[in-house]
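Undergrad: Each residue of the sequence shown is one higher than the one before, counting from 5 in our numbering.
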Amino acid sequence: MDSRVSARSQITTPLLLSARGLVKDYGRSRAVDGVDLDIPERAFTTFLGPSGCGKTTMLRIIAGFERPDAGSIILDGKPLLDVPPERRPVNTVFQSYALFPHLTVFENVAFSLTLRRRSPDPGPRVRRALETVHMADFADRYPHQLSGGQQQRVAVARAIIAEPHLLLLDEPLSALDRKMRSHLQIELKDLQRRLGIAFVCVTHDQEEAFALSDLIVVMNRGRIVQRDDPATLYARPANAFVADFIGSATLISGEVIGLAEGATSASLRTSLGILEAPCVEGLSVGQTAIFVLRPDHVQVVEPSLWNNQPSFKATVRHIVFKGDHYLIEAEAEGILLVFEDKLLLNPGDAVMLQINQPSCFITRVDT
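(1) Tell me which residues share the same chain as Pro362 and place their Cβ nearer than 8 Å to its Cβ, disregarding the 5 neighbours each side in the sequence.
(2) I'd like to know if the segment 98 to 118 and the segment 145 to 153 are in contact, where contact means that at least 3 CB-CB pairs between them fall below 8 Å.
(3) Under 7 Å, do Glu344 and His329 count as touching if we go by C-beta distance?
(4) Would you kindly check if the distance between the Cβ of Val94 and the Cβ of Ala133 is under 7 Å?
(5) Alpha carbon to alpha carbon, how far is Ala11 from Ala242?
(6) What is the rounded straight-line gap between the Cα of Gly200 and the Cα of Leu192?
(7) Could you check the C-alpha separation between Gln238 and Ile294 for me, to the nearest Å?
(8) Note the first and the last residue of the continuous beta strand (DSSP E) segment covering His317.
(9) Tell me whether Arg227 sits in a helix, a strand or coil according to DSSP, three-state version.
(10) Among the residues of its own chain, which have a CB less than 6 Å from the CB of Ser269, if the five just before and after it don't count?
(11) Can you tell me whether DSSP reads Ile165 as helix, strand or coil?
(12) Expressed to the nearest angstrom, what Euclidean distance is found between the alpha-carbon atoms of Val305 and Pro314?
(13) Reducing DSSP to helix, strand and coil, say where Asp232 ends up.
(14) Please report how far the alpha carbon of Glu90 lies from the alpha carbon of Leu52, in whole angstroms.
(15) Enumerate in chain order the residues of its own chain whose CB-to-CB distance from Asp37 is below 6 Å, with the five nearest sequence positions on each side excluded.
(16) Which same chain residues end up closer than 6 Å to Arg298 when comparing Cβ atoms and leaving out the 5 residues on each side of it in sequence?
(17) How about Leu172 and Val204: do their beta carbons lie closer than 7 Å?
(18) So Asp86 and Val27 are supposed to be a Cβ contact under 8 Å. How far apart are they, rounded?
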């Protein structure tokens, strides 16, 4: 595994799935490019990245709907690639939910057992699965009589009734409105904990990934660029791509002019002056690096409140009302800085800004 793919996650459970050297080409386009991946048991893992990064292809390879051109997958200690989709201990909840419109909720859930010839009397197991997702009272309804959130629960019930070792979710909440998505994020995470099985989700929505995940796998151009828990991913991005893709950030380029003993922090010469912060491993003096500045790392200060942190003048350019605060964009030395404040400022206002350097991070440029 590339040394730049972090593995600082605090998840210590045994591995459920290990993939090595996965490659998948579609004509001249390489969707998955030499991916190594480990997925822990009983964890909620999310593939996150922009459209075309390879995350959905990875999900389809695990499900068995695509066969890689190279590489291997081990699930529960057994090779997986030669096992057909219907015989894998893996089930998928699709973006469209794929419920049969002519079958009731009960019949949709029972269909999974019928397909696998698992039970002559599916009734008790179907009822338990529906109770698990709080849909037992809707067993006789048809999909068109359900809300989007209710259909999603039925799709999950149909997927878990066969007791898979791994549940795959392909953009499971993308068809729902924002309020329903927020509600079902909580329900999905609670369901995963109660079931005690591994969930692997694909999404391009970083808020969704942060809300659901124990572990996030960030992909770009068919490769994994970072694998970490959400807090580490946000605070210590492995490179400029991750820093820019995860949350709002101002990325300030500069030259590394010094490294602390042990190379755990660095000094960077930038257009805003010399900035210091903890840094990614492997930087060297003279190298170009990126200072990652999140909105909560910047504040407006009065001269009497200055401390030893860097301060500089800026001009407010844009303001967005966020309810309990404002999201403000201000320009300093040609750099647009984004920060949050409760102050009511106006475009054109001059402000003095201060950076909380210890909370920032210096990372590498390459993606």
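We put the CB at the ideal spot given by N, CA and C, even for glycine. All figures in this text were calculated on a predicted structure; none of them were measured in a lab.
TA: Per the coordinate set shown:
(1) In the sequence shown, residue 362 corresponds to position 358, counting from 1. Shown here for Pro362: same chain residues with a beta carbon closer than 8 Å to its own, the five before and five after excluded, namely Ala281, Pro282 in chain order.
(2) Enough Cβ pairs lie closer than 8 Å, so yes.
(3) For the purposes of this step, residue 344 is identified with residue 340 of the sequence shown, where counting begins at 1. For the purposes of this step, residue 329 is identified with residue 325 of the sequence shown, where counting begins at 1. A contact, by the Cβ cut-off of 7 Å.
(4) Taking the sequence shown and counting its residues from 1, one reaches residue 133 at position 129. Taking the sequence shown and counting its residues from 1, one reaches residue 94 at position 90. By the CB criterion at 7 Å, Ala133 and Val94 fall outside the cutoff.
(5) As a position in the sequence shown, residue 11 is number 7, starting the count at 1. As a position in the sequence shown, residue 242 is number 238, starting the count at 1. For Ala11, the predicted model reports a pLDDT of 48, less than 50, meaning its position is unreliable and no value from the coordinates is stated.
(6) In the sequence shown, the residue the question calls residue 200 occupies position 196. In the sequence shown, the residue the question calls residue 192 occupies position 188. Leu192 has its alpha-carbon roughly 12 Å from the corresponding atom of Gly200.
(7) Locating residue 238 in the sequence shown gives position 234, counting from the first residue. Locating residue 294 in the sequence shown gives position 290, counting from the first residue. At residue 238 the sequence reads Tyr, which differs from the Gln that was named. Distance between the alpha carbons of Tyr238 and Ile294 is about 15 Å.
(8) The residue labelled residue 317 in the question sits at position 313 within the sequence shown. It is worth fixing the name first, because residue 317 is Lys in this sequence and not His. Run containing Lys317: 315 to 325, per the beta strand (DSSP E) assignment.
(9) For the purposes of this step, residue 227 is taken as residue 223 along the sequence shown, with counting starting at 1. If DSSP states are grouped into helix, strand and coil, Arg227 belongs with the strands.
(10) The residue given as residue 269 occupies position 265 in the sequence shown. Excluding positions up to five away in sequence, the list reads Pro282, Cys283.
(11) As a working note, residue 165 is residue 161 in the sequence shown. Coil, per DSSP.
(12) By one-based count along the sequence shown, residue 305 stands at place 301. By one-based count along the sequence shown, residue 314 stands at place 310. Their Cα atoms are separated by approximately 11 Å.
(13) Here residue 232 corresponds to residue number 228 of the sequence shown, with the count starting at 1. In the displayed model, Asp232 falls within a strand according to three-state DSSP.
(14) Numbered from 1 along the sequence shown, position 86 holds the residue referred to as residue 90. Numbered from 1 along the sequence shown, position 48 holds the residue referred to as residue 52. The alpha-carbon atoms of Glu90 and Leu52 are separated by roughly 26 Å.
(15) By 1-based counting over the sequence shown, the position of residue 37 is 33. If the five residues before and after Asp37 are omitted, its C-beta is found closer than 6 Å to the C-beta atoms of Gly226, Arg227, all from its own chain and listed in chain order.
(16) In the sequence shown, residue 298 corresponds to position 294, counting from 1. Once the five neighbours on either side are set aside, the close Cβ partners of Arg298 are Ala253.
(17) Indexing the sequence shown from 1 puts residue 172 at position 168. Indexing the sequence shown from 1 puts residue 204 at position 200. Yes, they are a contact pair.
(18) On the sequence shown, position 82 is the one that residue 86 refers to. On the sequence shown, position 23 is the one that residue 27 refers to. That belief does not hold up - the Cβ atoms of Asp86 and Val27 are roughly 17 Å apart, past 8 Å.
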